[in-house]
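J.:
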Ligand SMILES: Cc1cc2nc3c(=O)[nH]c(=O)nc-3n(C[C@H](O)[C@H](O)[C@H](O)COP(=O)(O)OP(=O)(O)OC[C@H]3O[C@@H](n4cnc5c(N)ncnc54)[C@H](O)[C@@H]3O)c2cc1C
């Protein structure tokens, strides 16, 4: 875009640009927000022939939730592992009956094709040794979690896709451009464009479009985190509710806004708790007595209610418990949580002197936010991502498709892109008044630069959110909230700014205020309690399915007020016995009435806002800037390389950098290869596995693992990887084996040859590789390995080959290490436990090590009921909760047997919540 007349540095004072100087852009499909949903919407619309403009207020390469690291697909319906209808029913239950199942079904039925599409782009999903998706069961019913070992790279992969030549011809990306209003046609109200500004130069931008897709993510900056930091939110803090405000002012309906997002997290650290990662490894949440307390399933407000109740009780604080796990398991959890999910997480624990081995990790709950993807608060959409405004779409966390998470954001981005691609650019006049109003919204802080600064006003606004809107809610508190937010509209209009960056922050505060008002009014309107903690009304404590099994829609009336409609739930596509939506007609509720609150004063004479300078403001206080060390001159060849990468170079163009004398340049060139993946990448990377510099070798190992889904499995690559098995760097040998296995480029003889490697991690990789080729004899030979990790891997591997047999497990059942014996016993559940061996399993229930007893209880799930049920029933008295849980899970196999049912009925009063909840499943 052209440079503006006013100064362009983000730190220099701007002047208000003239409306007539606006930069005008035009496109068929305008996508606002280049995160998960937005990138997919742009790709699909372009593939369908539309000219796309993608506007992102940050930079598409790094922006949005994905760039913060994903550890897995939360909700994959993988054929053979889960059924779409079961998923639809599950989400209906999780959302207390209030869903438009046609939208949820889209995610259920299209999610797997999306996983495969992402895989074709190079995104890695965890697979077992045979190349099958390694879906995990995290919830008590259904297996939907598909781990992503390289989840930190998803955004990089998508960016590579957007930069492909064919896509670049159709998709124009403008980074640092932030729309603030959707423009609508003055007569028919359809979306025809947007107005915004450049967050670096301050230039005003007006776009004409045939259709507009909002993909701006959740409102993550609504409540104030317990740390008090404005940007220390659970969600990506650039997602300030922009799209909610834009949709509202464009006249679209929003729905379920009162169903807030609240998540468990690590106390004082703004990262998720990662139960999805820790739980499949054996981690869990406990109170200070070490008792599990979560009874309901993971993805519900009920679970958050249990969490909040525990925190408020004498049993608090609560912890993520990993300290009972063996060293190698903790290593594996750390390698995911401290790299994929958040690299700062390890540093945080280290700073406190805490370690998962010695300390359970204190947990807390997050601030409130709005988010369709994690709960249900969003812009109302149909099964094609259409909002109620013609040609305006919403996708991702912004759209109200409950518990849609990442894969749902991709699916709805795709649906929006497909539908919107029908429209060509709008060529009529744009409404001057709407443009002028957007211009005023953006630039008004420049007119009074001395006005209260954004951090101060935002802190105050969000403190009111915590005080009055966060659950438990009451009519009185919510009414006070509405008054506070009305009052703050004037204060927000008076905020001061001098730079383009500050203008962005001020506009965001106006969006947060809009969202806060919607959250308070919608919570007032729904006069019942629903979704556990998400909408807990102390003054209406019961769920009221007769009056309120209805969506609550919110929209801006023609006169500019916020008004509500109770909309019947659409007839279910998949019946769920617990809910029977009454149907009937919509109830127009109009504006919501405030509860009179004595201290609030009469409504028409609200007390004047206190001068902003009186507000205690720990965030806004001037802090002396840290001394910045003088920057070293950037390496000129590195700079040339970085600019080359933007043009998707071929291998020849990168070759001089790959051979550069400086290892830093070679490593950067290897990373560039990983980002752009031109023809010949695989062999070039394999060659760099033998580089003399550890930096370059590590970059090559990482890039090979990252690209494994898109590298052609040719002989040259195979030869390069085999050569790398002789490199004296164990991490390289381990990576080479991993890629050889995944690309099916090795055989049993090759892998068996590595079983005497000096490094344990390499031998574990060799075991995985042997499993992938079903080499049982070679695997059995590894059962005598000196390292426990290898022997545990062998035990699991013997159950994971295609035709598993119990006999090879024999020596491992007598192993001197209890973890190996435990793993071997558990493996019997997969191989089958021969009649003669059930007595060994029964004996093992008396082993001093709980891991052996838990393995034995699992093994007993694979013998005849008459042999298994009596010892399993006895194991329900075991002092260790994990042994009791394993016994319950095995007893569930025999639930047709009356004595198993009796035992399970007893276990439904177990002191451990997990044991209770699984035992209760016998009754279903
Ligand atoms: C910490 C965390 C961990 C998660 N882990 C998982 C997981 O492991 N598995 C899983 O399935 N899901 C996970 N999720 C959920 C998943 O990441 C989200 O559901 C999904 O990424 C949402 O996609 P989105 O496109 O709606 O938002 P985002 O990907 O965040 O994109 C929104 C984009 O819009 C831009 N934007 C905002 N306002 C404007 C504006 N006015 N103009 C221009 N651009 C704008 C933002 O900068 C951003 O790039 C996680 C979420 C978080 C926060």
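Residue numbers (this note's numbering): 1 to 924. Where is the CB? At the ideal position from N, CA and C, for every residue including glycine.
1. Name the two residues that bound the continuous beta strand (DSSP E) containing residue 284.
2. Is residue 574 near residue 88, with beta carbons less than 7 Å apart?
3. Check whether the stretch 227-244 and the stretch 40-53 touch, using three or more Cβ-Cβ pairs below 8 Å as the test.
4. Buried or exposed, going by whether 16 or more other CB atoms sit within 10 Å of the CB of residue 454?
5. Where does residue 537 fall in DSSP's three states?
6. Got a sec? Which residues, its chain only, sit under 6 Å from residue 338 by beta carbon, not counting five neighbours each side?
7. Check the DSSP bridge columns for residue 178 and list the partner residues they point to.
8. Can you tell me whether residue 802 is buried or exposed, with buried defined as 16 or more other CB within 10 angstroms of its CB?
9. Within 6 Å: the Cβ of residue 57 and any heavy atom of ligand 1?
10. Could you work out which residue in 462, 352, 708, 36 is closest to residue 674 when comparing CA atoms only?
11. Taking the runs of the alpha helix (DSSP H) that are 4 residues or longer, which of them lie wholly in the stretch 302-364?
12. What do you get for residue 927, buried or exposed, if any count of 16 or more other CB atoms within 10 angstroms of its CB means buried?
13. How about residue 319 and residue 294: are their beta carbons less than 7 Å apart?
14. Let me make sure I understand the geometry here. Which of 112, 828, 225 has the alpha-carbon closest to that of residue 411?
15. Take the Cβ of residue 448 as the centre, count every other Cβ of all protein chains shown within 10 Å, and call the residue buried at 16 or more, exposed below.
16. Output needed for residue 385: all residues of its chain with C-beta closer than 7 Å, excluding positions within five of it in sequence on either side, in chain order.
17. Just mark residue 614 as buried or exposed, buried being the case when its beta carbon has 16 or more other beta carbons within 10 Å.
18. Under the assumption that residue 247 contacts residue 387 (Cβ atoms under 8 Å), give the Cβ distance between them as a whole number of angstroms.
19. Here's the rule I'm using: 16 or more other beta-carbon atoms within 10 Å means buried, otherwise exposed. How should residue 142 be labelled?
20. Specify, as a first and last residue, the run of the beta strand (DSSP E) that residue 210 falls within.
21. Could you give the DSSP three-state label for residue 142: helix, strand or coil?
22. In its own chain, which residues sit with a C-beta less than 6 Å from the C-beta of residue 325, not counting the 5 before and 5 after it?
23. Does the beta-carbon of residue 397, which I'm using as the reference point, lie nearer than 6 Å to any heavy atom of ligand 1?
24. In the DSSP assignment, what residue or residues form a beta bridge with residue 488?
25. Could you tell me the boundaries of the alpha helix (DSSP H) in which residue 866 lies?
26. Output needed for residue 308: all residues of its chain with C-beta closer than 7 Å, excluding positions within five of it in sequence on either side, in chain order.
27. Exposed or buried, which one is residue 255 when buried takes at least 16 other CB atoms within 10 Å?
28. Give a single yes or no on whether residue 74 has its beta carbon closer than 6 Å to a heavy atom of ligand 1.
29. Thinking C-beta only, is residue 205 closer than 7 Å to residue 15?
30. If you run the structure through DSSP and keep just helix, strand and coil, what is residue 918?
31. DSSP on residue 694, reduced to helix/strand/coil?
32. In terms of residues, what are the limits of the alpha helix (DSSP H) holding residue 156?
33. Suppose contacts are defined by Cβ-Cβ distances below 7 Å. Is residue 42 in contact with residue 60 by that definition?
34. Beta-carbon within less than 7 Å of residue 692's beta-carbon, same chain only, minus the 5 sequence neighbours each way: which residues are those?
35. Is residue 242 near ligand 1, with its Cβ less than 6 Å from a heavy atom?
T.: Walking through what the data contain:
1. Translated into the one-based positions of the chain shown, residue 284 becomes position 284. Run containing residue 284: 284-287, per the beta strand (DSSP E) assignment.
2. Within the chain shown, numbered from 1, the residue matching residue 574 stands at position 574. Within the chain shown, numbered from 1, the residue matching residue 88 stands at position 88. Cβ distance < 7 Å, so residue 574 and residue 88 count as in contact.
3. no
4. Along the chain shown, one-based indexing puts residue 454 at 454. Buried: at least 16 other Cβ atoms inside 10 Å.
5. Position 537 of the chain shown holds residue 537. Strand.
6. Locating residue 338 in the chain shown gives position 338, where the first residue counts as 1. Cβ neighbours of residue 338 beyond the five flanking positions: 345, 346.
7. Here residue 178 is taken as the residue at index 178 of the chain shown, counted from 1. Beta-bridge pairing links residue 178 to 197.
8. By 1-based counting over the chain shown, the position of residue 802 is 802. Exposed.
9. Residue 57 sits at position 57 when you count from the first residue of the chain shown. Checking every heavy atom of ligand 1 against the Cβ of residue 57, one is found closer than 6 Å.
10. Counting from 1 along the chain shown, the entry for residue 674 is found at position 674. Closest by alpha carbon: 708.
11. The stretch 302-364 contains these whole alpha helix (DSSP H) runs: 327-335, 343-351.
12. In this structure the chain extends from 1 to 924, so residue 927 is not present and cannot be described.
13. Residue 319 sits at position 319 when you count from the first residue of the chain shown. Residue 294 sits at position 294 when you count from the first residue of the chain shown. No, they are not a contact pair.
14. On the chain shown, position 411 is the one that residue 411 refers to. Among 112, 828, 225, the Cα nearest to that of residue 411 belongs to 112.
15. As a working mapping, residue 448 is identified with position 448 in the chain shown. Flag for residue 448 reads exposed.
16. Counting from one through the chain shown, the residue named residue 385 turns up at place 385. These residues qualify, in order along the chain: 393, 394, 395, 399, 412, 415, 416, 419.
17. As a working note, residue 614 is residue 614 in the chain shown. Summary for residue 614: the model assigns pLDDT 36, below 50, so the residue's position carries little reliability, and this model does not support an answer.
18. Along the chain shown, read from residue 1 onward, the residue named residue 247 stands at position 247. Along the chain shown, read from residue 1 onward, the residue named residue 387 stands at position 387. Indeed they touch by this definition, with Cβ atoms about 6 Å apart.
19. Position 142 of the chain shown, counted from the start, is the residue given in the question as residue 142. Burial call: buried.
20. Residue 210 sits at position 210 when you count from the first residue of the chain shown. Unbroken beta strand (DSSP E) run through residue 210: 204-214.
21. By 1-based counting over the chain shown, the position of residue 142 is 142. In this structure, residue 142 counts as coil in the three-state DSSP scheme.
22. By 1-based counting over the chain shown, the position of residue 325 is 325. Same-chain partners within the cutoff: 282.
23. Start at 1 with the first residue of the chain shown, and residue 397 comes out as number 397. Yes, Cβ of residue 397 sits closer than 6 Å to a heavy atom of ligand 1.
24. Indexing the chain shown from 1 puts residue 488 at position 488. Among the bridge pairs identified by DSSP, residue 488 is matched with none.
25. As a position in the chain shown, residue 866 is number 866, starting the count at 1. That run of the alpha helix (DSSP H) goes 865-875.
26. Indexing the chain shown from 1 puts residue 308 at position 308. Counting only Cβ-Cβ distances below 7 Å, and skipping sequence neighbours, we find 365, 533.
27. The sequence position of residue 255 within the chain shown is 255, counting from 1. With 16 or more Cβ atoms within 10 Å of its Cβ, residue 255 is classed as buried.
28. What you label residue 74 is simply residue 74 of the chain shown in a count that begins at 1. Flag set: Cβ of residue 74 near ligand 1.
29. In the chain shown, the residue the question calls residue 15 occupies position 15. In the chain shown, the residue the question calls residue 205 occupies position 205. The answer is no: Cβ separation not under 7 Å.
30. The residue labelled residue 918 in the question sits at position 918 within the chain shown. Helix.
31. Taking the chain shown and counting its residues from 1, the one referred to as residue 694 is at position 694. Correct three-state label for residue 694: helix.
32. Translated into positions along the chain shown, residue 156 becomes position 156. Looking at the DSSP string, the run of the alpha helix (DSSP H) that includes residue 156 is 154-162.
33. Numbered from its first residue, the chain shown carries residue 42 at position 42. Numbered from its first residue, the chain shown carries residue 60 at position 60. In this structure, residue 60 does not lie closer than 7 Å to residue 42 by Cβ.
34. Mapped onto the chain shown, residue 692 falls at position 692. Correct list: empty, nothing qualifies.
35. As a position in the chain shown, residue 242 is number 242, starting the count at 1. Because some heavy atom of ligand 1 lies under 6 Å away, the Cβ of residue 242 counts as near it: yes.
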